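In the UniProt record's numbering, the protein residues as written are 1 to 268. Each residue gets a CB set at the ideal place from its N, CA and C atoms; glycine is no exception. Bear in mind the structure is a predicted one, so any value in this text is a computation, not a measurement. Take a look at the structure below.
Next up, the structure:
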């Protein structure tokens, strides 16, 4: 819940809902219990409850697979990366389960958890929709028949192979998990012509659509893309990284100090 421009755009920044120590303005860093200890000592008289991850046992473990499930990460469920000995109690599946063809959502769970739900205690207005019941099995068959789980893993290998040779002073690091990739830009890079919005706008003008965030570019690539087209997209991204400092104005890029994060909104 660190305040950001992206959160502010959705009215999610709230001084009462934050992971900031109100005394010094410092972020309560993930995994650093000493940060929380200092904060609670100073503000214990104002704290009614503390909500945290169920790192220890005896709590239900709910895993959100709405976007990153269904083969997107190189395994069918992203939680599969934790190994067979670490299974969530409840898994929420959404748009990815139908391949985006039709809205669908599912709740999966083990017997100990979902077995506690009695008949008619949970209902859904659209549960029996015929189109949804046809779309999801069709999408699952395609995942299997076209081996899209392995395809997603192969796309990660291609991206990492190509991007491993890139050397830019303004790129902090490059990551990938399956067919989702990120380019993280150095915070407060001295040359203000380098930022995710300008990069995304330039890349868009060259024919590739990316999602600019506060300090990174996010890419979500279709698992059905051909190697040829994927490599073309990667070359366009590299070309844009090479050329970004050659441009003063890029149509559609976020202006300095603006909260707009949609480079496509003002394209000529």
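Asked                                                                                                                        : Found
Three-way DSSP call (helix, strand, coil) for residue 212 in this model                                                      : strand
With 16 other Cβ atoms within 10 Å as the buried cut-off, status of residue 138                                              : exposed
CB of residue 76 within 8 Å of CB of residue 93, strictly                                                                    : no
6 Å CB neighbourhood of residue 148 in its chain, flanking five on each side removed                                         : 71, 223
Burial state of residue 104 (16 or more Cβ within 10 Å)                                                                      : buried
Whole-angstrom C-beta distance between residue 202 and residue 210, which should lie under 8 Å                               : Contact doesn't hold; Cβ gap of about 10 Å is too wide.
Selected residue, minimal CA-CA separation from residue 47, among 252, 150, 22                                               : 22
Length-filtered (4 minimum) alpha helix (DSSP H) runs lying within the segment 218-255                                       : 227-243
Backbone CA spacing between residue 186 and residue 28 [nearest angstrom]                                                    : 22 Å
Neighbourhood of residue 236 by C-beta distance below 8 Å, restricted to the same chain and skipping five residues each side : 203, 206, 207, 208
Residue 184 in three-state terms, based on DSSP                                                                              : strand
Other residues of its chain near residue 240: CB distance less than 7 Å, five sequence neighbours each side excluded         : 199, 202, 203, 206
Cα-Cα separation, residue 307 to residue 110                                                                                 : A query on residue 307 cannot be resolved here, the shown segment of the chain reaching from 1 to 268 and no further.
Exposed unless 16 or more other CB atoms sit within 10 angstroms - verdict on residue 169                                    : exposed
C-alpha gap between residue 44 and residue 174, whole angstroms                                                              : 40 Å
Burial state of residue 226, where buried means 16 or more other Cβ atoms lie within 10 Å                                    : exposed
Counted within 10 angstroms of its Cβ, other Cβ atoms place residue 278 as buried (16 or more) or exposed                    : Residue 278 cannot be examined here, being either before or after the span of the chain that is shown, 1 to 268.
Cβ-based burial, residue 81 [other Cβ within 10 Å; buried from 16]                                                           : exposed
4-residue-minimum alpha helix (DSSP H) runs that sit fully inside the segment 129-200, ordered along the chain               : 130-145, 148-163
Secondary structure of residue 268, DSSP reduced to three states                                                             : Summary for residue 268: the model assigns pLDDT 33, below 50, so the residue's position carries little reliability, and this model does not support an answer.
For residue 8, the three-state DSSP class (helix, strand or coil)                                                            : helix
Candidates 220, 161, 247, 153: closest to residue 194 by CA position                                                         : 247
Inter-residue Cα distance where the pair is residue 140 and residue 63                                                       : 20 Å
Residue from 172, 88, 153, 232 whose Cα sits closest to the Cα of residue 188                                                : 172
Bridge-paired residues (DSSP) for residue 62                                                                                 : 90
Identity of the residues DSSP links to residue 108 by a beta bridge                                                          : 91
Option in 155, 212, 197, 101 with minimal Cα separation from residue 231                                                     : 155
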